[in-house]
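If you read the sequence shown in my numbering, its first letter stands for residue 686, the second for the next number, and so on. We put the CB at the ideal spot given by N, CA and C, even for glycine. Worksheet: one structure, shown below.
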Amino acid sequence: MKTKISLSNSHLSGQEINYINDALSNNELSFGKNLDVFQNFLENYLGENKKVAALSAGTAAIHLALIMSGVERDDEVLCQSFTFSASANPITYQGAIPVFIDSEKDTWNMCPYYLEKAIQDRIAKGKKPKAIIVVHLYGMPAKIDEIQAIAKKYSISLIEDAAEALGSTYKGKQCGTFGDYGILSFNGNKIITTSGGGALVCKNEEDKNRAIFLATQARDNAPHYQHSEIGYNYRMSNIVAGIGCGQIEVLDKHISLRQEMHHFYTEIFKKVPGVIVFNELNDSYASNHWLSCILVDENIAGFSREDIRLQLAAENIESRPLWKPMHLQPVFASYDFHGNGYSEKLFKKGLCLPSGSSITVRDKERIKIALNNII
Ligand SMILES: *Cc1c(COP(=O)(O)O)cnc(C)c1O
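Take a look at the structure:
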């Protein structure tokens, strides 16, 4: 059997071990210098005077963003339907109710038209939603100008799920810095990793401190253990942050390697009718191309995305259908959805192709041969 080529692998710089050793030899396991270095790096990288709290997961960051947006039991939260379940799950942790919004065709992300429709519908029914969760899926920036304007117009908190979009920009500004809160993920398959981890991007020091307070069991300022609020155990450890410190050295390299993979697929499918490689709409958008995706129109191409997936699988090359929208998921089926079904089309026709920064020239040859077999 040929070695497996994965969709998106962890890719170490080799420096991680030094930061971990540092933490161990200084007996700084939970808190310490690595956390400071990692958070400072992210703050400088994102710019816009943002403050960053490193956490145990991107999912934890979304949960805290909802809490800090004042989301409580029975409140409604507008959430992009076309996403990974981690965007929506924390809404239910709060006992709140998701309202799912369809995608538009340019960015595949939240459709501003249906977002506003949904807000007006909920207001007409006597209940203004508490927060909006927009996602920059696959690294592609959403129509964030329009979505931000709608959030402002109706005074609704905007949470930006940039878990897949570290390094992506819209009009030169980093994804994760547009919302009231931004969230990042450093899960093993993301553009850089801490093994598992995430971050909450905050607009000021006060919010960052509040996030850290909530993430460390909400301990009041007292010599004994005193609690006036329910807290969580969501902090990133200093050991884990050490992996992040090693990874920040290769972030830019990882981004350009992922963009190169996107270029590789663009060339392969350039003259193939019925196959579209997902690309930026115009120069305002700059995707990190975390995953390269294609849409296959079977009637024109003469083969389906499943044909491609199976052909690749036979060569031990991993590919995966695009995210199944949340409003189609059994666990969320009972919730409200606003849209015209574009995300369902994406799910039916779309495929993610191997996109990791550690894919070798030989891997690319294998991928190319397998794809050419079918096209
Ligand atoms: C990975 C991911 C998350 C969750 O991040 P974790 O760190 O795995 O909890 C949230 N949203 C999207 C879109 C993701 O891809």
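Just verifying my parser: in three-state terms, what is the DSSP assignment at residue i?
| i | result |
| --- | --- |
| lysine 1033 | helix |
| isoleucine 1044 | coil |
| isoleucine 933 | helix |
| histidine 1023 | strand |
| isoleucine 1060 | coil |
| lysine 938 | helix |
| arginine 758 | coil |
| leucine 720 | helix |
| alanine 738 | strand |
| leucine 1038 | strand |
So, are the CB atoms of residue i and residue j less than 9 Å apart?
| i | j | result |
| --- | --- | --- |
| methionine 921 | alanine 708 | no |
| isoleucine 915 | alanine 903 | yes |
| glycine 864 | valine 935 | no |
| aspartate 1048 | alanine 803 | no |
| lysine 627 | tyrosine 866 | No answer is possible for residue 627: it lies beyond the span of the chain, which begins at 686 and ends at 1060. |
| isoleucine 1002 | isoleucine 979 | no |
| serine 715 | asparagine 874 | no |
| methionine 795 | isoleucine 832 | yes |
| proline 814 | isoleucine 841 | yes |
| asparagine 973 | glutamine 944 | yes |
| serine 693 | leucine 899 | no |
| leucine 749 | alanine 781 | no |
CA-CA distance, residue i and residue j?
| i | j | result |
| --- | --- | --- |
| asparagine 1058 | threonine 901 | 54 Å |
| alanine 742 | asparagine 872 | 7 Å |
| threonine 854 | proline 908 | 44 Å |
| glutamate 890 | phenylalanine 723 | 16 Å |
| proline 1006 | leucine 731 | 31 Å |
| isoleucine 876 | arginine 895 | 27 Å |
| leucine 727 | phenylalanine 988 | 43 Å |
| aspartate 982 | serine 1042 | 28 Å |
| aspartate 806 | aspartate 787 | 15 Å |
| glutamate 713 | serine 766 | 41 Å |
| leucine 997 | glycine 699 | 30 Å |
| lysine 828 | valine 784 | 19 Å |
| leucine 885 | aspartate 937 | 21 Å |
| aspartate 892 | tyrosine 839 | 22 Å |
| glycine 861 | isoleucine 868 | 6 Å |
| glutamate 801 | valine 737 | 30 Å |
| isoleucine 1044 | serine 913 | 50 Å |
| glycine 717 | asparagine 711 | 9 Å |
Mark residue i as exposed unless 16 or more other C-beta atoms lie within 10 angstroms of its C-beta, in which case mark it buried.
| i | result |
| --- | --- |
| glutamate 991 | exposed |
| leucine 851 | buried |
| glutamine 911 | exposed |
| glycine 857 | exposed |
| proline 1015 | exposed |
| methionine 753 | buried |
| glycine 882 | buried |
| leucine 1031 | buried |
| glycine 1024 | buried |
With 9 Å set as the bound, which would you pick, yes or no: does the beta-carbon of residue i sit closer than that to a beta-carbon of chain C?
| i | result |
| --- | --- |
| leucine 709 | Looking at the structure shown, chain C is missing, and only one protein chain is on hand. |
* Along the chain, which unbroken stretches of the beta strand (DSSP E) at least 3 residues long are found entirely within the stretch 834-917? -> The DSSP assignment places 842-846, 866-870 and 883-887 as complete runs of the beta strand (DSSP E) inside the stretch 834-917, in order along the chain (cut-off: 3 residues).
* To do: Starting from the N-terminal side, write out each stretch of the alpha helix (DSSP H) that is 4 residues or longer and does not extend beyond the stretch 761-835.
  => 774-778 and 797-809
* Would you list, in sequence order, the uninterrupted alpha helix (DSSP H) runs of no fewer than 4 residues that lie entirely inside the stretch 943-1020? => 983-986 and 990-999
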